[in-house]
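Everything on this sheet refers to the single structure shown next.
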Amino acid sequence: MPTVEKKAVKKTTAKKRKRKLVIVESPSKAKTIGKYLGPSYKVMASLGHVRDLPRSTMGVDLEHNYEPHYISIRGKGSVIKDLRKEAKKASQVYLAADPDREGEAIAWHLSYLLGLDPQDNNRVVFNEITKDAVKDAFKHPRSIDMNLVDAQQARRVLDRLVGYSISPLLWEKIKKGLSAGRVQSIALNMIIKREEEIRNFKPQEYWTISAKFKSQRQQFAAEYYGVDGQKQELKDNADVKKILARLDQKQPFAITKVDRKERQRFAALPFTTSTMQQAANNTLKFRTQKTMMVAQQLYEGLSLGRGGAVGLITYMRTDSTRISNVAVHEASKFIHETYGSEYAAVKPRKGKLAEGAQDAHEAIRPSSVKRTPDSIKEYLTRDQYKLYSLIWSRFVASQMTPAVYDTMAVTLEQNGVIYRARGSKMKFPGYTIVYPDAKRKDNQLPDLEQGQTAKLMTNQPDQHFTLPPARYTEAALIKTLEENGVGRPSTYAPTLSTIQKRYYVKLTARKFEPTELGEIVNSMIEKCFPDILNVTFTADLEDQLDEIEEGKQQWIKVIDQFYQPFSKEVATAQDKMAKVKIKDEPAGINCDICGAPLVIKLGRYGKFYACSRFPDCRNTKPIVKNIGVTCPKCQRGEVIERKSKKNRIFYGCSRYPDCDFVSWDKPIGRTCPKCQHYLVEKKSKKNVQIKCSNCDYVEQE
4 MPTVEKKAVK KTTAKKRKRK LVIVESPSKA KTIGKYLGPS YKVMASLGHV
54 RDLPRSTMGV DLEHNYEPHY ISIRGKGSVI KDLRKEAKKA SQVYLAADPD
104 REGEAIAWHL SYLLGLDPQD NNRVVFNEIT KDAVKDAFKH PRSIDMNLVD
154 AQQARRVLDR LVGYSISPLL WEKIKKGLSA GRVQSIALNM IIKREEEIRN
204 FKPQEYWTIS AKFKSQRQQF AAEYYGVDGQ KQELKDNADV KKILARLDQK
254 QPFAITKVDR KERQRFAALP FTTSTMQQAA NNTLKFRTQK TMMVAQQLYE
304 GLSLGRGGAV GLITYMRTDS TRISNVAVHE ASKFIHETYG SEYAAVKPRK
354 GKLAEGAQDA HEAIRPSSVK RTPDSIKEYL TRDQYKLYSL IWSRFVASQM
404 TPAVYDTMAV TLEQNGVIYR ARGSKMKFPG YTIVYPDAKR KDNQLPDLEQ
454 GQTAKLMTNQ PDQHFTLPPA RYTEAALIKT LEENGVGRPS TYAPTLSTIQ
504 KRYYVKLTAR KFEPTELGEI VNSMIEKCFP DILNVTFTAD LEDQLDEIEE
554 GKQQWIKVID QFYQPFSKEV ATAQDKMAKV KIKDEPAGIN CDICGAPLVI
604 KLGRYGKFYA CSRFPDCRNT KPIVKNIGVT CPKCQRGEVI ERKSKKNRIF
654 YGCSRYPDCD FVSWDKPIGR TCPKCQHYLV EKKSKKNVQI KCSNCDYVEQ
704 E
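Mapping to this note's numbering: the sequence shown position 562 is 565, numbers consecutive.
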C-alpha cells in the first residue's frame, strides 16, 4: 500500500513539472486566462516591463549603432527570479503580452531573461480575452515579430535621445526637474499657440435678427438671411436699421419656397483609442488617464459572479475601426432579436483607415454584444459601467440603420428682405434608440406651402461679438494631435499627464491653460530645436516608425538620420541658450517663524510661499484661497479653497490638522433656518442653489 502511495506522489509531481508556463503583464489578466486554460497551464504576471534603459544615464551607445544598454528594472528582481524558476520546470513557455509593439517588446525582453529562443513559436496573441479567443490563440503560436520589437525599440531610443539631450539643458538654463519630449513638446506648443491666439484676438461686431411668424394659426421662428436674393451679413446697427426700414409692418411675408427632404443620419463608427478618449472626456467627463485605466480593467477581465472572470472588451489600443465578421454577425442577430429587423443595417458602414493608422487590431467593441450593460451592472464599479455602456452602445449603434428625419426649409420674403426657417421631425429613430447622446430635438414647422403668406409677429435684432478660439480640452487636444499625425493611441494619456506633472500647463474649467514655466520652456525649445516642434517633421518620424514595423526600414538608419542633425542643434544650444532666472514675487506677508518677508516661488508642482531668508529659514506654505467664511465647525479658523490629489476643488479649515472640517460644496457663511447647520452653494449644470449641508432645506430665489 505505501508503495502505491509513493508512485501516486511521483506521478503528481511529474504532472506539475510538465505544466506549461504562460506569462502575461498583469495579475488580473493572468487570473482570467488561467481560468480558460485549466490546470495544465500555469499563468504568471511580469507586472509590465522587466527590462528598460537605465534612468541615471543615456543608456544608448552613440558610437556603436545606437546600441541600447538594457538593465533589469529596479524592484523586479523577485518577479524575474520567480519567472526563471517556473520557466525551468515548465515543459513549454508561452509569452502572451498585449498584441502591440509594447507587448512584443515585453515578450522579447522576457525571452532574453529566461534564455528562450525568439525564433521559437512561443508568442501568443489575442485581441480579446474570451474563452474561444484565448484557446484559439494557443493553437497558433508564432515566433516573436522582430519588426514590432525594432519599432518599439526605435521609439524608445528616439525618446531617450531627445529627452536626455534637452532635459539637462533645461535643468542648467532654467531649473531642475524639467523635461522635454517629441510628443509632449508639440502638445505644449499647441496649447501655447492657442493661448496666443486668444490673447491677440480682436472681437468683431455682428448682428442677427430673430423673428416670429404666424401662418395657419401656428407660430414658428425664422432668422434673417439677406436681401434681393443674396445672403448678407449684418456688421453693425446701421445695417440692421437699413433692413428694418425696408419692412412694411402691415404687409405679410410671401412664402416663396418650401423645400422638403428626407435626410438620413448615420451612426458613428466603433471606437478607436483616440475617439474613445474623446467621447469619454466629452460625455463622461473622464480624464484621459482614467479612461485608459478603466478600459484596461474591462479588457483584462472582471468577475461576473458564477461565470468567473471574463474580458469584456477587445484590446483598447487601436486606431482601426474594423470589426471582425464574427462580431458583425453576432451584432446583427442581437439587433434583429432585440429591436427588430428594421433596425439592423443590411450592410454596416466601414470606416476609412486614417493615413498612417495601423490595422493590426479591431475597433474597440464588447467581446460579446449579448453582454448588455444592464445585465452585468451589479458586477461593475460605477466608472466601469459608464465606460462599458459607452463602448457597447457605440458598437451596437454602428451596426444599425440610420436615423431618418423629415426636414423642411422655408424661405419668406417681403420687399426684397429674406428670412429663412428650418424644421425637422424624426421619422424613424434607427440607431438612436441605443445611442441616445446622438439624438436631436425636433423643431417642427407648420404644414406650409409655396404661395402662402405669413404674418410677422415679432422682430428681434441682437448684437453679438465674435469669440476667440476655445482653449483645448483633453478631448480637443487629442483630436488635434491625431489629425496632425503626432503620437499614437498609446502615447496620448502619458503625454497629457506629463505636461501637467511638470507644471507646464494647468486645467482650468477642464481646459488647458499654459503656465509661466510652460511658456519659458516652450520658448527655449522653439528657438533651439525647431524640428522638435515641427508637426510635419514629427509626423514623418511616426510614419518611419510604422515602416520599421512593416519591415520597410531599418531602425538604426532611422535613428541616425534623426540624430546627426539633432546632435548639432544640441551642441549649438549648449553655447547659445541663455540662462533664465525665474524671479520670486513678493507675497506681501511675513514669515510666521522668523518674521522675514515671504516670497512666491515656482516649484515643480506650482507656486508656493517660501521665506526670503532661505536656506537660513526653510519655512514654506501652500498658496490657498480664503473664501471669507469662518469655519462652521471650530469657529476659529477660516474656510480656504484646497485641491485634492486628483485636482478637484474642496473646502477645508485653515487650522487643519487641529480642525478637520472639509466640504466638497462651498460654505456661504450663513446657517440653515430649519436645522442651524451651515448652508452651501450646490452647483449643477443648470444653476447654483443654496442648500443645507444637513437637511432638505433649499433656499428659494
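Note that beta-carbon positions come from the ideal geometry of N, C-alpha and C, so glycine has one too. This structure is a prediction, so every number in the text was calculated from the model and none was measured.
Report back the beta-carbon spacing between Met460 and Lys217 to the nearest angstrom; my notes put them in contact at under 8 Å. 5 Å
Using three-state DSSP, classify Ile109 as helix, strand or coil. helix
Using a Cβ-Cβ cutoff of less than 8 Å, which residues in the same chain neighbour Phe337 once the five nearest sequence positions on both sides are dropped? Val372, Lys373 and Val399
Pick from Tyr659, Val665, Val691 and Tyr700: whose alpha carbon is nearest that of Gln679? Tyr700
Using the Cβ count rule (16 or more neighbours within 10 Å means buried), how would you classify Lys669? buried
So, is Val127 buried or exposed, given that buried needs 16 or more other C-beta atoms within 10 angstroms? buried
Go through its chain and collect everything with a Cβ distance to Gly359's Cβ below 6 Å, but skip five positions before and after it. A caution first: Gly359 carries a pLDDT of 43, below 50, which makes its placement in the model too unreliable to give a value.
Given a cut-off of 8 Å, decide if Ile603 and Ile626 are closer than it, judged by their beta-carbon atoms. yes
Give me, in chain order, the residues of the same chain whose beta-carbon lies closer than 6 Å to that of Val632; leave out the 5 immediate sequence neighbours on both sides. Val642, Pro670 and Gly672
Classify Tyr438 as helix, strand or coil using the three-state DSSP reduction. coil
With a threshold of 7 Å on Cβ separation, who are the neighbours of Glu644 within its own chain once the five nearest residues in sequence on each side are excluded? Val627, Lys628, Ile630, Ile652 and Tyr654
Please tell me whether Leu191 and Val508 are closer than 8 Å, where the distance is taken between their beta carbons. yes
According to DSSP, what are the bridge partners of Arg425? Ala412
Supposed close pair Ile562, Val160 - CB separation, criterion 8 Å: 6 Å
Taking only runs that begin and end inside the segment 104-153, name each unbroken alpha helix (DSSP H) of 4 or more residues, in chain order. 104-116 and 134-142
Counting only the same chain and skipping the five closest in sequence on each side, list residues whose C-beta sits under 7 Å from that of Tyr681. Pro635, Pro670, Thr674 and Ser696
Could you tell me the alpha carbon to alpha carbon distance between Asp386 and Ala574, rounded to whole angstroms? 49 Å
Burial state of Phe274, where buried means 16 or more other Cβ atoms lie within 10 Å: buried
Taking the CB atoms as reference points, tell me whether Ile316 and Ser370 lie closer together than 8 Å. yes
Extent of the continuous alpha helix (DSSP H) to which Ala478 belongs: Glu477 to Glu486
Check Ala360 in the structure and name its three-state DSSP category. A caution first: Ala360 carries a pLDDT of 45, below 50, which makes its placement in the model unreliable, though a value can still be read off. Here Ala360 sits in coil by DSSP.
To the nearest angstrom, report how far apart Gln361 and Met319 are at their CA atoms. At Gln361, the pLDDT of 46 sits below 50, so the modelled position is not reliable; the number obtained from the coordinates is stated separately. Approximately 13 Å between the Cα atoms of the pair.
Is the Cβ-Cβ distance between Phe468 and Glu107 less than 8 Å? no
Does at least one heavy atom of the ligand COA sit under 7 Å from the Cβ of Glu303? Questions concerning the ligand COA fall outside what the structure shown contains, since it holds no ligand whatsoever.
On the three-state DSSP scale, how would you describe Gly521? helix
Should Glu198 be labelled buried (16 or more other beta-carbon atoms within 10 Å of its own) or exposed? buried
Please report the residue range of the alpha helix (DSSP H) in which Gly37 lies. Pro30 to Leu40
For Tyr115, count the other beta carbons within 10 Å of its own beta carbon; 16 or more makes it buried, fewer makes it exposed. Which is it? exposed
With respect to the alpha helix (DSSP H) encompassing Tyr3, which residues constitute its N-terminal and C-terminal limits? No information on residue 3 is available, as it lies outside the stretch 4 to 704 that the chain covers here.
Compute the distance between the beta-carbons of Ala312 and Lys38, then report whether it is under 8 Å. yes
Can you tell me whether DSSP reads Arg159 as helix, strand or coil? helix
Lys293 to Gln503 span [Cα, whole Å]: 15 Å
Output needed for Pro376: all residues of its chain with C-beta closer than 7 Å, excluding positions within five of it in sequence on either side, in chain order. Tyr388, Tyr391, Ser392 and Trp395
In the DSSP output, which residue or residues are listed as bridge partners for Trp558? Partner(s): none; Trp558 has no beta bridge.
Start-to-end residues for the beta strand (DSSP E) that takes in Ser681: First, the residue type needs correcting, since residue 681 is Tyr and not Ser in the sequence shown. Per DSSP, Tyr681 belongs to the beta strand (DSSP E) from Tyr681 to Lys686.
Measure how close the beta-carbons of Phe565 and Leu544 come, nearest whole angstrom, since I'm counting them as under 8 Å. 7 Å
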